[in-house]
Each structure stands twice: as C-alpha cells, then as structure tokens.
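One structure below.
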Amino acid sequence: MCQYENSRNVSFKFVILYLDEAWIAYYCFPFFFFSSSNTLNLDVTALIAYISDLTNGGANYTFQEPILSQQAEWERSHPTKPILEELFKGNIQESTSRLRINLETAANHDKSGTMALLVENYYMVPYELNRDLLYVYLLSCVYL
Amino acid sequence: MIEVLNFSGKELICSETAAQSFQSIIDMLAGPGELARSKELMERVRVVPDNISERTKKLLTQGGKIKERSMIIFGTGDFMKAPTVTANRGFVLSAHNQVSCRPQIIVTLIKKIHGPTIAFL
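Protein sequence lines correspond, in order, to chains D and X.
Here the first sequence is numbered in this note's numbering, starting from 22 and rising by one per residue.
Here the second sequence is numbered in this note's numbering, starting from 27 and rising by one per residue.
This is how it looks when you write it as structure tokens:
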C-alpha cells in the first residue's frame, strides 16, 4: 500500500505512531509550540527594515543599481512593514518549533481550511528516531 | 510623514551591540524621514546589555555565516527568552544546520506517502 524509497530505519507503523503523538502534543499542549514570551528581540536588520524609506512607501522607484531595483520589486510584491507591525502587536505568533511550521505548511495545503492533516500527502519523520527521546519530549510538554 | 507607532502587544528589546550598529548605520546614511522614524522606534525599544546564553555558546560555533556580532545578538535574545526578528536568513539556516546535527528531536517533512490513509484530529 505504501511505498517509499528512503525507509532504511523507518517502519510505516512507527511513522504513523510518531505523527499521531506529534498531533496529540500539538492539540493538547499548543503552548509548547507557540512562543509564550511577551518580548521580541530585534536584530539590526529588523530595526532597519522597520524604519527604512523603502519599506515606508518608497518602493515605487526604479534605481540605477540592479540590486536596489530588485529589492524595491520584492518590497512591492511582499511589503515588509505590515508583517513587522503585526508581529509587534502580537497578532502573528512566531514559530518556536520546526514541527509547527511543518504542520502549518501541511494545513495550508488543505483546501477546507481546517487543521486536518492529510497523511495521504505528507508524513513526518524525526532526524533522530529515538523512542525514549520522544517520550522525554512529550513528558516535558506535560511537566514544564 | 511620521507615522504614530501604536504597537500595544509586545515589548520590544534589542541588545547593546545591535543598537550601536543600528545607530552607526543611521548616522552614516539616514534620510530625514528615516531619522525621525528611527528616533521614534528607539524610544519604544528597550536596550538590554549583551549576554549570550549558555545554550547558544554550547550549540553554535563561529565561522561562515555565524559571525560574532550575530551570535551576540541572537544569544542575547535567547538569554532574554525572546524570539528574534531578523532578515538574516544566512545565520538562521546555518545555525539550524549546526544544531540539527546533534541528537535532538526535530520533525521534518520529507516526502509523500502514496496511500489512502487520512488522519483527522
């Protein structure tokens, strides 16, 4: 039924089990996957992106330098300022876990808009397949 | 035009190194609008002293895209338990590479399964 080439140390059962546990963890302890802190650390690049003329309505200009023109084009197609403002307001939750990003990607591909994951299309495998480590991880969700 | 900053949600911090670098860049090449905006932003941002977390020191080694300055900035964020907002994709990717070589659980999307199994939660 299921065929995949890179299955050296991965059994199908194990993959599904792991996936289920990850989903249970995600649904029961969502705080683990979201940042709980109310502070944001700003990098130099973030500071500059926030105050730059380019991100504050100055992108409608063709520069002499091709690099600058490309930057302006990116800015026009994907404005930076709204994202930063939403982040600062706390409306966007920044991801603290790789798993959340992957789940989100999978959910985005689901047309119904629910957070149902189609295993038909995706499966998840940890880099280190170690059951004991997994349980430590799940327990830490409960007790931390 | 100077916009009024009204982010009510998050507290913004930045490390001393980042603030200094930012200030030197602003002094060098900022226009009047940018200068005004930077002043407003820095009134809002709390500057915290540099402090690299133990975790960062242990997990990351300098070299390539991981420069000392970036390590200080990101390490300070980690020390303050605050996520870092950045456009420095190079650092993030290479840091992720360095860390994920060590034994820890990171789940990744690898490839498709061909089968009718559907999991709903």
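In this text, a Cβ means the ideal position worked out from N, Cα and C, and glycines have one as well.
Taken in chain order, the members of the stretch 60 to 72 of chain X whose beta-carbon sits within less than 7 angstroms of a beta-carbon on chain D are Glu60, Arg63, Ser64, Leu67, Val71. DSSP places Val65 (chain D) inside the alpha helix (DSSP H), whose first and last residues are 65 to 72. In this structure, Pro109 (chain X) places its C-beta atom within 8 angstroms of the C-beta atom of Asn62 (chain D). Secondary structure note for Ser98 (chain D): its alpha helix (DSSP H) is the uninterrupted segment 87 to 98. Contact between the stretch 85 to 97 of chain D and the stretch 69 to 83 of chain X is not established, with fewer than three Cβ pairs separated by less than 8 angstroms. What Ala121 (chain X) touches in chain D, judged by beta-carbon distance under 9 angstroms, is nothing: the nearest beta carbon there is about 12 angstroms away. Phe84 (chain D) counts as exposed, since fewer than 16 other beta carbons sit within 10 angstroms of its beta carbon. Residues of the same chain with a CB within less than 7 angstroms of the CB of Gly90 (chain X), apart from the 5 flanking positions on each side, are Ser120 in chain order.
The Cβ atoms of Thr43 (chain X) and Asn77 (chain X) do not sit closer than 8 angstroms to each other. If you look at Ser41 (chain X), you'll find it in the beta strand (DSSP E) that goes 37 to 41.
Within 10 angstroms of the beta-carbon of Met54 (chain X) lie fewer than 16 other beta-carbons, which makes it exposed.
Taking the CA atoms as reference points, Glu86 (chain D) sits about 32 angstroms from Phe109 (chain D). Listed as beta-bridge partners of Asn62 (chain D) by DSSP are X:Ile39, X:Thr110. DSSP assignment within the stretch 44 to 125 of chain X yields the following whole beta strand (DSSP E) runs of 3 residues or more, N-terminal first: 72 to 74.
The shortest CA-to-CA distance from Cys40 (chain X) to any of X:His122, X:Asn114, X:Ser50, X:Ile98 is the one to X:Ile98. Phe105 (chain X) is positioned such that its CB atom lies closer than 8 angstroms to that of Ser79 (chain X). Chain-ordered listing is empty here: chain D has no CB closer than 7 angstroms to the CB of Glu80 (chain X), the nearest sitting near 17 angstroms. DSSP places Leu75 (chain D) outside both helix and strand once states are collapsed to three, so it counts as coil. Put simply, the backbone Cα of Gly79 (chain D) is about 42 angstroms away from that of Lys84 (chain X). Within the model, the alpha-carbon separation for Leu105 (chain D) versus Tyr71 (chain D) is close to 7 angstroms. In the structure shown, the three-state DSSP call for Phe84 (chain D) is coil. Contact residues of the stretch 58 to 75 of chain D toward chain X are Ser58, Asn59, Thr60, Leu61, Asn62, Leu63, Asp64, Val65, Thr66, Ala67, Leu68, Ile69, Ala70, Tyr71, Ile72, Ser73, Asp74 (C-beta to C-beta distance below 9 angstroms).
The beta-carbon of Met54 (chain X) is placed no less than 8 angstroms from the nearest beta-carbon of chain D. In this structure Asn123 (chain X) does not touch Ser96 (chain X) by the C-beta definition: roughly 14 angstroms separates them, more than the 8 angstroms allowed.
In terms of CA proximity to His99 (chain D), D:Thr76 leads the group D:Leu89, D:Thr76, D:Glu107.
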